[in-house]
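This report refers to the structure that appears directly beneath it.
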Amino acid sequence: MPELPLDFIQMIVAAFVTVMILSYVIGDNVLFRIATYLFIGIASGFAGAIAWDNVVKPTLVQPLIDEGLAKLFSPEGALTFLIPWMLALFLLLKLSPRLSRFGSFPVALLVGVGAAVVVGGSITGTLVPQSLAAAGTLSPETAFPAAGEPLADWLERLISALLIILATISVLIYFRFSAQRELTGGARRSRSAEVIAYLGQVFIAVTFGVMYAGALMATIVVLAQRFQFLHDVVTRIVGGT
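Under this note's numbering, think of the first position of the sequence shown as 1, with each following residue one higher.
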């Protein structure tokens, strides 16, 4: 019996898993669940291996192997080695229902640091650059045509700059929740603020629509590639190559 090449076996397995995933079209079934559990297991194992190789081993295990327990009681080790070990052990206490409250501190620390990183990244990577870009559209180079520049090009650039300014201001005002208190005890925005906030809502809806369209197009491309892959597999099996 001839030995099957490895690439052919991999192709058959990939095709079978693809069919298992696509079987969800006919409803939730055992094949789809098996494929889902398979992907979750592989992803979890891969994430665990990466965490062990890049975080746990070099930070907690390897220093203990190289320098022994003496590193725990050194001034440098107390900060860089002992505290991470204590946080890791307290985090493992979340597995116990009785002792889970002792693991709340490292979880809170992880959530706080993660939130700080996300907020800081949003401010420095999105809000500040967007504000600077919007402010840059007010420069004289944008407001006035350059020498020899066609009128249509200048109008296009000017309209784009005005749209950027309008979108930035209206979206920021949409997320501004301050309002004037009325005599009846309620609170509402001024008429002008409501109009600008509505424009911001329109820009947000357009942005989400574009993002959804991009995600849908990418999904359709991936689906077409999977069908093409299945076609190639069937052609190869039928052709005997």
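Glycine included, C-beta positions come from ideal geometry on N, C-alpha and C. The structure displayed is predicted, hence computed values, not measured ones.
Residue span of the alpha helix (DSSP H) that contains residue i, given as start and end
i: Ala146; result: Per DSSP, Ala146 belongs to no alpha helix (DSSP H) and is neither H nor E.
i: Ile196; result: Arg191 to Gly239
i: Thr18; result: Leu6 to Leu22
i: Thr168; result: Leu151 to Tyr174
i: Thr124; result: From DSSP, Thr124 is part of no alpha helix (DSSP H); its letter is neither H nor E.
Inter-residue spacing [alpha-carbon to alpha-carbon] between residue i and residue j
i: Lys94; j: Phe102; result: 7 Å
i: Leu163; j: Phe229; result: 43 Å
i: Ala161; j: Ala147; result: 19 Å
i: Met1; j: His231; result: Its pLDDT being 49, under 50, Met1 is placed unreliably by the model, and nothing is read from it.
i: Ile237; j: Ala49; result: 36 Å
i: Phe39; j: Ala47; result: 12 Å
i: Gly27; j: Val19; result: 13 Å
i: Glu194; j: Ala218; result: 36 Å
i: Leu172; j: Ser190; result: 15 Å
i: Leu82; j: Phe105; result: 16 Å
i: Gly233; j: Tyr37; result: In the sequence as displayed, the identity of residue 233 is Val instead of Gly. Cα to Cα, Val233 sits roughly 24 Å from Tyr37.
i: Leu64; j: Glu76; result: 13 Å
i: Met86; j: Gly45; result: 24 Å
i: Val243; j: Ala116; result: Residue 243 lies beyond the range of the chain shown here (1 to 241); nothing can be said about it.
i: Val113; j: Trp52; result: 20 Å
i: Pro84; j: Lys57; result: 12 Å
i: Ala176; j: Ser100; result: In the sequence on display, residue 176 carries Arg and not Ala. For Arg176 and Ser100, the distance between alpha carbons rounds to 39 Å.
i: Gly200; j: Gln130; result: 15 Å
i: Ala277; j: Ile165; result: Any property of residue 277 remains undetermined from this structure, which presents the chain solely from 1 to 241.
i: Ser74; j: Pro97; result: 34 Å
i: Val25; j: Asp153; result: 49 Å
i: Tyr174; j: Val111; result: 28 Å
i: Glu149; j: Leu138; result: 18 Å
i: Thr59; j: Leu109; result: 18 Å
i: Ala133; j: Phe144; result: 17 Å
i: Pro5; j: Gly239; result: 16 Å
i: Val30; j: Val107; result: 36 Å
i: Phe227; j: Gly41; result: 25 Å
i: Thr243; j: Ala205; result: In the structure as shown, the chain begins at 1 and stops at 241. Residue 243 is therefore absent and cannot be evaluated.
Rounded Cβ spacing between residue i and residue j (contact assumed at less than 8 Å)
i: Phe203; j: Ala167; result: 5 Å
i: Ile196; j: Ile169; result: 7 Å
i: Ala35; j: Ile21; result: 5 Å
i: Phe32; j: Ser23; result: 5 Å
CB contact below 8 Å: residue i versus chain D
i: Arg188; result: The structure shown has no chain D; it contains just one protein chain.
The ligand GTP heavy atom lying under 7 Å from the CB of residue i
i: Ile173; result: Looking at this structure, you won't find the ligand GTP or any other ligand, since it has none at all.
Between the region 157–170 and the region 120–127, do three or more beta carbon pairs fall short of 8 Å? No, the region 157–170 does not touch the region 120–127.
Given 8 Å as the limit, is there contact between the region 55–70 and the region 89–99, that is, 3 or more CB pairs closer than that? Here the region 55–70 does not lie against the region 89–99, with fewer than 3 beta-carbon pairs under 8 Å apart.
Check whether the region 10–23 and the region 202–214 are in contact - that is, three or more C-beta pairs closer than 8 Å. No: the two stretches stay apart, fewer than three of their Cβ pairs being nearer than 8 Å.
Entirely within the region 69–120 and at least 4 residues each: give me those alpha helix (DSSP H) ranges in chain order. Those alpha helix (DSSP H) runs which fall completely within the region 69–120 and span 4+ residues are 83–92.
Report the residue ranges of all alpha helix (DSSP H) runs contained in full by the region 23–61; include only those spanning at least 4 residues, in chain order.
30–51, all fully within the region 23–61.
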